[in-house]
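First comes the structure, then the notes that go with it.
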Amino acid sequence: MKKNDLIFILAVAVLFLPFVFIKPLFAGFEWATAHHPFIMSFLKFGILATLGEMLGLRIRTGSYNAPGFGALPRAITWGFLGMMINAGFIIFGSGSYNILLTLGIGTPDGTPTYAEMMKMSIFSTHSWYHALAAFVTSFMQNTLFAPVFMIIHKISDLHILRNGGTLRGYFTRPCVTDLIASLDWRGMWRFLFKRTIPFFWIPAHTVTYLLPAEFRILFAALLGVILGVFMSVNAKK
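Going by this note's numbering, the letters in the sequence shown line up with residues -10 to 226, in that order.
Dropping the structure here:
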């Protein structure tokens, strides 16, 4: 383990451990997430997903930062992508289960509705209907939303790299058609679409919709880090 690794681990510990051991601080985090979800999504993904990309860079190159990497532009991009993710969770989490109702698969009498189950934990519902609704929600979210999200991220990533990772370059007008033409569509299909969506994201988000509400924030944060690592490591392919 190198000195940079120790510094990285220490920085992460200093940033996150207070939320674990200081209950009022964690309560404030929960309150802010409930009352300002989009702002908190910006902060959460801006920090965590960027750390994930830095970790991916460390895996590839041995360094957490590099010329042209653009940690700050990436954090800004991830912040807005985090808001996009939050919107996706709201839309798909509150509507996808209607597919089951349309197919005539309703919850039994005397049990919570799908809408109620999706706000609860599987440890409270103990219901296969909840698991089914969670899977359908995750499936729809990751087949309809995730590919577009990944393409937008790749375009943003290319824009950052082409402008040397600088803030000034980041805020220049991108040539989107040129960036789209430069995407490694074959690599994206082989790794992101064909592998990560069916074998990681659909199962992972199914689990997310089954967890207690107070743990979904932490789990989503973990997924944000993993997503950053996936995207960063795939950049070398």
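Glycine residues also receive a C-beta, built at the ideal position from the N, C-alpha and C atoms.
The structure displayed is predicted, hence computed values, not measured ones.
Judged by their CB atoms, G45 and V218 are nearer to each other than the 9 Å cut-off.
DSSP, reduced to helix, strand and coil, places D98 outside both helices and strands of the structure shown, so it counts as coil. For M72, the enclosing alpha helix (DSSP H) has its first and last residue at A60 to G82. Listed in chain order, the alpha helix (DSSP H) runs fully inside the segment 137 to 170 are 156 to 159, counting runs of at least 4 residues. K183 and M106 have their C-alpha atoms roughly 30 Å apart. One alpha carbon belongs to L147, the other to A2, and they sit about 31 Å apart. Three or more beta-carbon pairs drawn from the segment 116 to 133 and the segment 75 to 86 are found closer than 8 Å, and the two stretches are therefore classed as touching. About 3 Å separates the CB atoms of G68 and G35; that is less than 8 Å, so the two are in contact. Between the alpha carbons of M72 and N54 lies a gap of roughly 25 Å. Taking the Cα of R205 as reference, the smallest distance to any Cα among A23, I28 and L(-5) is reached at A23. Contact annotation, P201 with S110: C-beta distance approximately 4 Å; criterion of less than 8 Å satisfied. Cβ neighbours of I144 within its own chain (closer than 6 Å, five residues either side excluded): L168.
Within a 10 Å sphere around the beta-carbon of G99 sit fewer than 16 other beta-carbons, which makes this residue exposed. The beta carbon of F208 sits closer than 6 Å to the beta carbons of T197 and L200 from its chain, once the five residues preceding and following it are set aside; these are given in chain order. Shown here, D(-6) sits in a helix according to DSSP, grouped into three states. Ranked by Cα distance from I79, the first of S30, L121 and W174 is S30. A straight-line Cα-Cα distance of about 34 Å links L32 and S116. DSSP, reduced to helix, strand and coil, places I11 outside both helices and strands of the structure shown, so it counts as coil. Boundaries for W190: no alpha helix (DSSP H) harbours it, and the DSSP string shows neither H nor E there. It is roughly 11 Å from the alpha-carbon of R179 to the alpha-carbon of I186.
In this structure, DSSP gives S110 a state outside helix and strand, which the three-state scheme calls coil.
In the displayed model, N87 falls within a helix according to three-state DSSP. For K183, there is no enclosing alpha helix (DSSP H), as DSSP gives it neither H nor E.
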